[in-house]
Amino acid sequence: MNALRNKVQLIGRLGQDPKTINFDDGKSKVNFSMATNESYRNGEGDKIEKTQWHDVVAWGSLGEIMSQYLKKGAEIAIEGRLMYRTYDDSEGKTRYITEVVASDLLMLDKKPEEAWSDRRACAGGPSFFL
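Under my numbering, think of the first position of the sequence shown as 33, with each following residue one higher.
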């Protein structure tokens, strides 16, 4: 049951191109926003659609793959964990941030042509394309 603790799975579309931040120690972090949609019918039978926005973070090689292949509007499935953090802004107010730290990625859009040549590099590893 420990594998089920703090686990998030989302399917949605990128709201922006991934942004990469490189650190002095050689590590890199990728950030982007992701929209998930749901729809239902209310008591009057009207279809209601809601969009939720999620901040996603990826580190290391997964982040590099995301920055290389993902663009705004791409449909993806991610798995990860929730992370909460706080900071004090310039006015001294405490700000709260909730992020999904991605650990796995599945690209749901049609495979980009250039990805086929790079696919051999992923042999034996996880499949990033559906």
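Glycine included, C-beta positions come from ideal geometry on N, C-alpha and C.
Because the structure is a prediction, the values reported are computed rather than measured.
- In the three-state scheme derived from DSSP, where H, G and I count as helix and E and B as strand, Gly58 is classed as coil.
- In the structure shown, Leu140 adopts coil according to DSSP, grouped into three states.
- Non-local C-beta neighbours of Val133 in its own chain, meaning closer than 6 angstroms and more than five positions away in sequence, comprise Val89, Gly112, Arg113 and Met115, ordered along the chain.
- The closest CA to that of Gln84, considering only Lys59, Ala67 and Gly75, is found on Ala67.
- Around the CB of Phe55, fewer than 16 other CB atoms lie within 10 Å, so the residue is classed as exposed.
- In the displayed model, Leu102 falls within coil according to three-state DSSP, outside both helix and strand.
- Taking the Cα positions, Asn69 is about 14 angstroms away from Gln41.
- DSSP, read as helix, strand or coil, puts Gly112 in strand.
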